[in-house]
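Only one structure is covered here, and it is reproduced in the block below.
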Amino acid sequence: MKAQPGMHEGSPIAHYYRANDPEWHWLEARDAPDVNQFLKATNREHANWFAPLLPLAETLYQSHLARRELAVKSLKTALDHFTFWSDTAAEDDYPCWWRHPNDQPDAHECFLDVRDRAADQPFYDMGDMALSPNEQWLAWTEDTQGDERFTLWLKALPDGKPQQLLSDIGAGVCWAEDETTGGATLLFTRFDDTQRPDSIWRVWISFSAPERFTEPTLVMRENDQEFWLGIGKTRSKAWLFIESGSKDTTEIHALPAAQPDATPMCLHARQPGVEVSIDHRPGAFYRLQNAAGPHFQLDYISDPHHRDTTTHWQPLIAHREDTTLEGVDAFAWGLIVAERSHRDAQVLLRRLVLDKGHTPTLDKHIELPETPCSQLLEDSPHFDAKSVQLREESFTRPPHWYSLDLESGERKLLKQVPVYGQLSPEQLTSRRIWATSVDGEQIPVSVVMRADLADQPLPTLLYGYGAYGEALDPWFSIARLELLERGAAFAVAHVRGGGERGEPWYLNGKMAHKENSFHDFLAARDALVETGISQHQRIVACGASAGGMLVGTCINRAPDAFCAAVLDVPFLDVLRTMQNPDLPLTTAEYSEWGNPEDPEVAKRIRNYSPLDNIRPQRYPALWIEGSWFDTRVSYWEPAKFYARVTQAQQGDSPVLLHTDMSSGHGGASGRFKAWRDTARQDAFILWALGLAPISKTNQQQ
Numbered sequence: 018m019k020a021q022p023g024m025h026e027g028s029p030i031a032h033y034y035r036a037n038d039p040e041w042h043w044l045e046a047r048d049a050p051d052v053n054q055f056l057k058a059t060n061r062e063h064a065n066w067f068a069p070l071l072p073l074a075e076t077l078y079q080s081h082l083a084r085r086e087l088a089v090k091s092l093k094t095a096l097d098h099f100t101f102w103s104d105t106a107a108e109d110d111y112p113c114w115w116r117h118p119n120d121q122p123d124a125h126e127c128f129l130d131v132r133d134r135a136a137d138q139p140f141y142d143m144g145d146m147a148l149s150p151n152e153q154w155l156a157w158t159e160d161t162q163g164d165e166r167f168t169l170w171l172k173a174l175p176d177g178k179p180q181q182l183l184s185d186i187g188a189g190v191c192w193a194e195d196e197t198t199g200g201a202t203l204l205f206t207r208f209d210d211t212q213r214p215d216s217i218w219r220v221w222i223s224f225s226a227p228e229r230f231t232e233p234t235l236v237m238r239e240n241d242q243e244f245w246l247g248i249g250k251t252r253s254k255a256w257l258f259i260e261s262g263s264k265d266t267t268e269i270h271a272l273p274a275a276q277p278d279a280t281p282m283c284l285h286a287r288q289p290g291v292e293v294s295i296d297h298r299p300g301a302f303y304r305l306q307n308a309a310g311p312h313f314q315l316d317y318i319s320d321p322h323h324r325d326t327t328t329h330w331q332p333l334i335a336h337r338e339d340t341t342l343e344g345v346d347a348f349a350w351g352l353i354v355a356e357r358s359h360r361d362a363q364v365l366l367r368r369l370v371l372d373k374g375h376t377p378t379l380d381k382h383i384e385l386p387e388t389p390c391s392q393l394l395e396d397s398p399h400f401d402a403k404s405v406q407l408r409e410e411s412f413t414r415p416p417h418w419y420s421l422d423l424e425s426g427e428r429k430l431l432k433q434v435p436v437y438g439q440l441s442p443e444q445l446t447s448r449r450i451w452a453t454s455v456d457g458e459q460i461p462v463s464v465v466m467r468a469d470l471a472d473q474p475l476p477t478l479l480y481g482y483g484a485y486g487e488a489l490d491p492w493f494s495i496a497r498l499e500l501l502e503r504g505a506a507f508a509v510a511h512v513r514g515g516g517e518r519g520e521p522w523y524l525n526g527k528m529a530h531k532e533n534s535f536h537d538f539l540a541a542r543d544a545l546v547e548t549g550i551s552q553h554q555r556i557v558a559c560g561a562s563a564g565g566m567l568v569g570t571c572i573n574r575a576p577d578a579f580c581a582a583v584l585d586v587p588f589l590d591v592l593r594t595m596q597n598p599d600l601p602l603t604t605a606e607y608s609e610w611g612n613p614e615d616p617e618v619a620k621r622i623r624n625y626s627p628l629d630n631i632r633p634q635r636y637p638a639l640w641i642e643g644s645w646f647d648t649r650v651s652y653w654e655p656a657k658f659y660a661r662v663t664q665a666q667q668g669d670s671p672v673l674l675h676t677d678m679s680s681g682h683g684g685a686s687g688r689f690k691a692w693r694d695t696a697r698q699d700a701f702i703l704w705a706l707g708l709a710p711i712s713k714t715n716q717q718q
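Right, dumping it as structure tokens:
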């Protein structure tokens with residue numbers, strides 16, 4: 018048989034090509050021997066091509082280690098009886114968790130050694146940890162495969178024997194506040210056949226004989242396949258909230274935390290397209306909702322036991338056109354509200370001190386150290402806390418943690434991430450430019466580089482996501498310093514579909530408006546060149562998950578715009594995946610991409626779905642990563658994309674696929690393996706940008 022384009026003799030494509038299945042759908046048969054053999058063959062091909070870059074990858078890895086503090090201790094958190102923290106030794110992948118009585122700091126003891134839990138596992142992820150109200154029992158969940166199906170464990174603190182209670186459950190666990198000397202209630206989620214958390218369960222744990230726990234009791238089940246359930250407890254410890262949510266609609270029920278067997282009270286009934294977030298202070302609930310406008314309004318209701326919660330809410334912060342309200346945290350003294358400025362694409366934390374009538378006696382924003390930056394409210398478990406902890410970072414500022422005294426306004430530095438090596442944060446500079454998309458919309462693009470190179474066009478890594486309303490706010494990366502020190506710039510395209518400029522930014526990049534995301538990403542690329550920041554022939558595109566779909570679509574449409582692209586666990590077979598409701602997450606994604614049972618929706622998705630738009634052309638060099646146990650983006654999506662692009666490739670740039678056979682969507686679980694994976698990817702990026710010691714010409718030979 019005559020070889021097809023890209024099917025050079027000896028390649029996995031030539032060996033495994035099936036003329037009766039040119040779209041490579043046979044790769045979806047996970048248990049078929051040929052599938053595993055094909056992925057191993059592509060991994061060997063990848064390793065052979067990468068061999069000359071192994072010394073660079075090792076240099077990047079070792080340099081990365083030298084830049085960071087490997088022994089890491091978390092901030093201490095004082096609860097009612099004990100103070101807790103984690104400590105990761107310099108040579109370890111995983112931490113030990115410690116505690117001491119609040120008034121006896123020298124009486125510290127390790128109560129959970131995660132190193133031991135992960136020791137014999139090729140993959141390990143701790144999903145959640147929950148302390149019983151008396152802080153003497155620990156419940157936690159583990160995933161030892163990467164498929165995000167968790168096992169529930171329990172132990173008495175500090176040195177009780179861990180006992181497995183349940184398997185195949187969700188990550189989150191939550192204790193009720195009904196604890197007696199005999200036991201307490203634990204709540205958790207379970208999945209349906211598509212790995213949708215469709216039900217909340219409770220189980221009574223007997224402290225004297227936890228292995229003989231009661232049969233779990235169903236609390237609530239969600240039958241609508243577009244919705245999933247979650248459980249949480251308010252900071253006031255008064256209420257358990259059960260949230261049933263889709264991508265654009267929320268329903269919330271409440272249970273008295275001390276009476277988990279009570280009938281749930283509906284605080285907000287679902288209304289199509291209406292999203293809510295609720296928190297509690299004694300005598301009142303506070304609700305963010307977008308029924309009053311797309312940018313959300315903050316309301317309150319004074320009587321938490323009133324069953325008619327549809328008409329008694331009163332506005333506290335009205336809807337505004339230039340600001341999106343993103344979150345609310347309630348304390349005894351009032352609220353902290355997260356607001357996002359549409360103009361500046363910047364989040365501000367707003368503190369409201371409230372009197373008994375919910376009238377603000379203080380209303381001010383917490384000061385920012387610089388803009389743009391990320392300022393987050395860290396975990397603050399005490400409802401009556403007089404101080405809060407803040408985390409602040411930017412593209413040029415490593416994370417700093419502060420304690421903010423709410424009465425005096427004094428800020429105290431608690432911790433900062435040290436950075437070692439020749440390139441220090443002070444030697445970096447960042448800027449924000451604005452790209453003009455095809456419809457005239459202004460797209461923010463963030464850039465960081467060495468300050469001494471800022472006056473010349475640089476090889477550039479352009480990163481993009483743009484889905485689910487998630488914002489890529491400024492973040493510091495020690496690994497990124499390896500690229501910056503070698504003369505690269507790093508840029509982020511804040512395209513529509515993300516949340517950087519509030520709710521309108523998200524809505525204008527989803528469903529029927531998804532095309533905006535692709536136009537914005539390519540406009541960001543062009544703006545980097547036009548402003549003299551980037552060299553037009555030396556730009557690498559990078560995206561993960563739905564960001565991989567963004568990049569995959571853009572290289573189909575404008576392959577000459579980039580010298581290479583990195584697609585990490587990329588969502589590429591959008592139409593076929595959305596047509597299969599039996600796959601995990603598909604039905605829950607209808608409100609993000611659309612339901613292709615509608616012919617117009619199917620046509621719209623087909624027009625951008627990367628696997629449906631591959632054509633013979635000169636593709637840039639491609640580095641494609643997949644994971645065998647990935648339940649969010651099945652391993653076959655990157656595998657099919659690799660196969661079909663290889664066949665369509667009209668140039669000589671490599672198309673490479675690596676499948677991690679022991680991890681899931683988040684990649685490697687241990688930090689050292691994850692850092693090695695990053696170093697390998699960065700070695701490819703430096704090669705593609707012409708900044709590696711081995712030339713692209715030599716590598717292609």
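Just so we're aligned, residue 18 is where the sequence shown starts under our numbering, counting upward by one.
Yeah, the Cβ is synthetic: ideal placement off N, Cα and C, and Gly gets one too.
Predicted, not measured: the structure shown is a model, and the values here were computed from it.
Self-check item: Reduced DSSP secondary structure (H/G/I, E/B, other) of V568
Solution: helix
Quiz prompt | Three-state class that DSSP yields for K42 in the structure shown | solution = Residue identity check: residue 42 is His in the sequence provided, not Lys. It is helical.
Quiz item: Secondary structure at S494, three-state DSSP: helix, strand or coil?
Solution: coil
Quiz item: Given a threshold of 16 other Cβ atoms within 10 Å of its Cβ, counted over all protein chains shown, does S425 qualify as buried or as exposed?
Solution: exposed
Practice problem: Using DSSP bridges, identify the partner residues of A719. | Solution: With the chain running from 18 to 718 in the structure shown, residue 719 is simply not present.
Exercise. Scan the region 105-187 and note each continuous alpha helix (DSSP H) run of 4 residues or more that stays entirely inside, going in chain order.
Key: 131-135
Practice problem: Could you have a look at H63 and say whether DSSP puts it in helix, strand or coil? | Solution: helix
Self-check item: L498 versus R542 - alpha carbon distance
Solution: 21 Å
Exercise. Take the Cβ of A510 as the centre, count every other Cβ of all protein chains shown within 10 Å, and call the residue buried at 16 or more, exposed below.
Key: buried
Quiz item: By DSSP, does A201 sit in helix, in strand, or in coil?
Solution: strand
Practice problem: Give the straight-line distance between the Cα atoms of R207 and R219, rounded to the nearest whole angstrom. | Solution: 11 Å
Exercise. Go ahead and pull the three-state DSSP assignment for W218.
Key: strand
Quiz item: Looking only at DSSP bridge pairs, what is G481 linked to?
Solution: A510
Quiz prompt | Beta-ladder partner(s) of A452, from DSSP | solution = I460
Exercise. Select from L639, K381 and R132 the residue whose C-alpha is nearest the C-alpha of D669.
Key: L639
Exercise. Taking all protein chains shown into account, decide if E437 is buried (16 or more other Cβ within 10 angstroms of its Cβ) or exposed.
Key: Sequence inspection shows Tyr at residue 437; the Glu mentioned does not correspond to that position. Its Cβ having fewer than 16 others within 10 Å, Y437 is exposed.
Quiz item: So is V455 buried or exposed if we call it buried at 16+ other beta carbons inside 10 Å?
Solution: exposed
Self-check item: K250, buried or exposed, once every other Cβ within 10 Å from all chains shown has been counted against 16
Solution: buried
Exercise. Find the nearest neighbour of Q331 within the set S28, V464, H312 and L305, judged by alpha-carbon distance.
Key: L305
Quiz item: Whose C-beta lies closer than 8 Å to the C-beta of V672 among residues of the same chain, with five residues either side of it excluded?
Solution: G23, Y636, A638, L639, I641, Y659, V662, T663 and Q666
Quiz item: Between L628, H285, E517 and D472, which lies nearest to S551 when the distance is taken from Cα to Cα?
Solution: D472
Self-check item: Residues near P474 by beta carbon distance below 7 Å, same chain, minus five either side
Solution: G549, I550, S551 and Q552
Quiz item: Can you check whether the CB of G290 is closer than 8 Å to the CB of D265?
Solution: yes
Quiz prompt | Backbone secondary structure at E443 - three-state DSSP | solution = helix
Exercise. Please look up how many angstroms separate the CB atoms of L365 and E356, rounded, as I've assumed it's under 8 Å.
Key: 5 Å
Exercise. Could you tell me the distance, in whole angstroms, from the CA atom of P398 to the CA atom of L71?
Key: 46 Å
Quiz prompt | Under the three-state DSSP convention, the category F99 falls into | solution = strand
Practice problem: Would you mind listing the beta strand (DSSP E) stretches within the region 346-400 that are 3+ residues and don't spill past its ends, in chain order? | Solution: 351-358, 363-371, 377-382 and 391-394
Quiz item: Taking the alpha-carbon positions, what's the A335 to W451 distance?
Solution: 30 Å
Quiz prompt | Cα-Cα separation, H117 to Y625 | solution = 55 Å
Quiz item: What residues are listed by DSSP as bridge partners for P273?
Solution: W256
Quiz item: Just the Cα atoms here: how many angstroms apart are W115 and D38?
Solution: 56 Å
Quiz item: Got a sec? Which residues, its chain only, sit under 6 Å from T105 by beta carbon, not counting five neighbours each side?
Solution: V89 and P112
Quiz prompt | Segment limits, alpha helix (DSSP H) that includes I622 | solution = P616 to R623
Quiz item: In chain order, what residues of the same chain have a beta carbon less than 6 Å from the beta carbon of E126, not counting five sequence neighbours either side?
Solution: P175
Quiz item: Alpha carbon to alpha carbon, how far is P461 from A362?
Solution: 8 Å
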